[in-house]
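Just so you know, the sequences run in chain order A and B. Just so we're aligned: 78 in our numbering is position 78 of the first sequence, and the numbers increase by one with no gaps anywhere. Just so we're aligned: 212 in our numbering is position 212 of the second sequence, and the numbers increase by one with no gaps anywhere. From the three backbone atoms N, C-alpha and C, an ideal C-beta is built for every residue, glycine too. Since this is a predicted model, take the numbers as computed values, not measurements. Right, one structure below, let's go through it.
2 protein chains.
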Amino acid sequence: MHSDVPFAVWSRERQRRIEDALVHALSSDAMPAPVQLGEAMRYAVLGGGKRVRPLLAYAAGEAAAADPAAIDSCAAAVELIHAYSLVHDDLPCMDDDALRRGKPSCHVAFGEATALLAGDALQARAFALIAQGGMQDRGSACALLADAAGACGMAGGQAIDIEASGRTLDVSDSAAMHRMKTGALIRASVQLGARCGEPLSLAETEALDAFAEAIGLAFQIVDDLLDVEGDAGMIGKTAGKDAANAKPTFVSLLGLAGARSRAETLRSDAQSALAPFAGRARRLSELADWIVAREF
Amino acid sequence: MHSDVPFAVWSRERQRRIEDALVHALSSDAMPAPVQLGEAMRYAVLGGGKRVRPLLAYAAGEAAAADPAAIDSCAAAVELIHAYSLVHDDLPCMDDDALRRGKPSCHVAFGEATALLAGDALQARAFALIAQGGMQDRGSACALLADAAGACGMAGGQAIDIEASGRTLDVSDSAAMHRMKTGALIRASVQLGARCGEPLSLAETEALDAFAEAIGLAFQIVDDLLDVEGDAGMIGKTAGKDAANAKPTFVSLLGLAGARSRAETLRSDAQSALAPFAGRARRLSELADWIVAREF
C-alpha cells in the first residue's frame, strides 16, 4: 500500500488486517480450547472496538519499515491484553458494568466464572502470540509486554484507580495513574510494533516513548470527555458512569474546556515528538489526530 | 551440592532457593507496584506452599546439567502461575474458598478487586521472569509457558472443571480435565527447567513428557485422596470440599483403595519413563516418591 494512501483507507485496511489476525489467533484450530471458554474469549475480542492499540503497533512498525505481516502477532497480542482487562474490569467485584461495546458484558453473557477464566486465558494467549512475533529478540519483547500489563503497568494502574474511588486525585496523581492504567500498554504497542522493523536509533526510540506518553494521556482525557458528552449508544458503554462512581476524571479536574484544551496540547506534543523520524512516522501523526478527534 | 546428598537435604535447599527467588521477584525494588497490590501479590505467593513445580523445574534442570542459579527465574515463573490460579480459584465466583494454606484467602484478606488484580499481575510477572530466564530460546520458553497456562492448558482445565460441577465425569474425562488443569503446568515446569541446561536428545525430551504426564495425574489423585482423608489443619484448605461441591474426584470414581493403587502405578510409570537419563534424573525420581507419599 503506497504511503500516499489517505489515512481513512490505511486505517480501514489495518483494522481488517487485525480483525483477521484476531479471528485466527482465537480460532479453534489455533487454540483448541473448551467450547464455552473459547466462545467467551472470542465474544470478548471480536466484532467490536476500534483497535487503537493494534493501529499504533502497525503505525510504529511501518515507521521502522516493517512489513504489516511482520506486525500482526504483536498487534494482536496488545489487543488481547486490552480485551482481557475490559473483561475483568466489567466484573461485579470491579466496575460491575453490564454493557460493553453496546453488548452485554462477557460475564453477563457467559457467567462470572467463565468470564474470569476467559480474561486469564486471553492474557496467556497474548504472550503466546508475542512469542511468535517478528521481533528480533522475542524474549525482551515478552518482558516489555509483561511489564506493561503487570503490577507496574496496567494492573497497577487499575489498583490505584480502585483505591482512589470515592476520593479526589489531583491532576498530577491522575496522570500518574493513567500513565500506568492505559499509558503503559499504549507505549508497549508502539515499542513492540517498532521492534518488528529495522533497528531504530536511540533518538527514534525515545521519540516513540515521548509520542506514546503524550498520546496515551490524550486518549484518557478524550475518554473522560466522551463519558460526559457521549450517550451509551455512541460509546457503547454506560455514559456518565465515572461521575456516578465518584471517580476522579480529567473533566471533573479541569472542566470541559480545560480538558479539551489539554488534549489538543498533548496531540501537538505527540506530533512534535516525532521529529526525529523526518516524515517517516506519518501514520503515527495521523493516529494522534484521529485519537483526539474521535467520537467513539 | 554433591549428587549423593539425601533428597530431604536437596529439597530443603531448593525450597530455600526458590523462596529467595520469589521474595526477590516480588520485592518493591524489582517490582515497584502500588503498595496494596504488591502486598496482595506477596501474600498470595510467599510463606506457604511446598513449591512442587519449582522443585520439578530444578530437578529437570539438574538432569540436564544446569546450574541451579540458571533455573531460578523459570522456577519462580511457574510458581507465580500456580499462585495466581489459586487466587482466582478461591474467588467467590469460582470455588468461593475462604481458606488457603491455613490462612484467609487473598480476597478475604485484601478484597475481591485487589485479589483479582493481584492474580492478573502475578501472571504478567511470571512472563517477565521467563523472559529473564537462562533458557537458550526465551521466546519459545514464553510460548511454552503461555500454552500451559492458557485456554488449552490450566485455564481450559478449570473451565472444564466448572462445567462439570454437579455432574459426573468418567475416569477418562476426569484424567483429560486434570491433564489440562494441573498437568499442563507440571509438564511446563519440567520442560522449562530442562531447557535451562544442556540440550537434550529427543528421547530425553520425550521421557520428561512421559514422566510429567504420569506424575501430574498422580499428583491430582493424591490431592483427591488428601481431600477425603485430610483435615483442614493438615492440608491448609477446607477438607471434604470436593464432595460438598459434588465435584467428580478420583476417589469418588475409583474408591479410596483404587485411587491409592492408581497413584502408585503412576509413580512407577513416571520413574520408568526416566530410563533414557540412565541415572542422571535421580532428583526427578525422588520427587515422584515424594509427591505420591506426601501428606500435605
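- Spatial neighbours of residue 270 of chain B in its own chain (CB-CB distance under 6 Å, excluding positions within 5 residues in sequence) are listed in chain order as 211, 214, 215, 288.
- The beta carbons of residue 129 of chain B and residue 76 of chain B sit closer together than 8 Å.
- Within 10 angstroms of the beta-carbon of residue 137 of chain A lie fewer than 16 other beta-carbons, which makes it exposed.
- Within the same chain, 18, 75, 79 come within 6 Å of residue 54 of chain A by CB-CB distance, once the 5 residues on both sides are set aside.
- Residue B/132 holds the alpha-carbon nearest to the alpha-carbon of residue 192 of chain B among B/132, B/95, B/168.
- Across the structure, residue 44 of chain B and residue 248 of chain A are spaced so that their CA atoms are roughly 30 Å apart.
- The contact set of residue 125 of chain B on chain A, defined by CB atoms closer than 8 Å, consists of 146, 150, 151 in chain order.
- Annotation for residue 205 of chain B: the continuous alpha helix (DSSP H) segment containing it runs 202–229.
- Of the residues B/151, B/116, B/123, the one whose Cα lies closest to the Cα of residue 39 of chain A is B/151.
- In this structure, residue 153 of chain A lies near residue 185 of chain A, with their beta-carbon atoms less than 8 Å apart.
- As DSSP reads the structure, residue 104 of chain A sits in a beta bridge with A/99.
- As the crow flies, the alpha-carbon of residue 144 of chain A is around 10 Å from that of residue 124 of chain B.
- The C-beta distance from residue 174 of chain A to residue 250 of chain A rounds to 7 Å, short enough to fall under 8 Å.
- The beta carbon of residue 222 of chain A lies closer than 7 Å to those of 263, 291, 292, 294 in the same chain, with the five residues before and after it left out.
- Residue 114 of chain A: member of the alpha helix (DSSP H) spanning 112–130, first to last residue.
- Under a criterion of Cβ atoms nearer than 7 Å, the residues of chain B adjacent to residue 112 of chain A are, in order, 93.
- Residue environment: residue 27 of chain A is assigned as exposed (fewer than 16 neighbouring CB atoms within 10 Å of its CB, all protein chains considered).
- Out of B/6, B/57, B/110, B/102, the CA that lies nearest to the CA of residue 141 of chain B is found in B/57.
- Shown in chain order are the members of the segment 130–144 of chain B whose Cβ falls below 9 Å from a Cβ of chain A: 130, 131, 132, 133, 135, 137, 138, 139, 140, 141, 142, 143, 144.
- Rounded to the nearest angstrom, the gap between the Cα atoms of residue 89 of chain A and residue 274 of chain B is 45 Å.
- Among the residues facing chain A, residue 33 of chain B is included, as its CB has a counterpart in that chain under 8 Å away.
- Listed along the chain, the chain B residues whose CB falls inside 7 Å of the CB of residue 36 of chain A are 159, 163.
- By the Cβ criterion, the segment 4–18 of chain B is not in contact with the segment 87–102 of chain B, since fewer than three pairs of Cβ atoms, one from each stretch, lie closer than 8 Å.
- Contact between residue 225 of chain B and residue 259 of chain B is confirmed by a C-beta separation of about 6 Å, below the 8 Å threshold.
- Inclusion of residue 60 of chain A and residue 188 of chain A in the CB contact set at 8 Å is not warranted, their separation being larger than that value.
- Not flagged as an interface residue toward chain A: residue 178 of chain B, since no C-beta distance is shorter than 8 Å.
- For residue 86 of chain B, there are no neighbours in chain A by C-beta distance under 8 Å, as the nearest C-beta there is about 12 Å away.
- With fewer than 16 other Cβ atoms from the protein chains shown falling within 10 Å of its own Cβ, residue 98 of chain B counts as exposed.
- Of all residues in the segment 168–196 of chain A, none comes within less than 8 Å of chain B when Cβ atoms are compared.
- Around the CB of residue 278 of chain B, fewer than 16 other CB atoms lie within 10 Å, so the residue is classed as exposed.
- Here residue 14 of chain A carries a helix assignment [DSSP, helix/strand/coil].
- At a cut-off of 8 Å between beta carbons, residue 46 of chain B makes no contact with chain A.
- Among the CB atoms of chain B, one or more fall inside 8 Å of the CB of residue 120 of chain A.
- Per DSSP, the continuous alpha helix (DSSP H) segment holding residue 78 of chain B begins and ends at 68–90.
- Any Cβ of chain A closer than 8 Å to the Cβ of residue 57 of chain B would place that residue at the interface, and such an atom is absent.
- DSSP places residue 182 of chain A in the helix class (H, G or I) of the three-state scheme.
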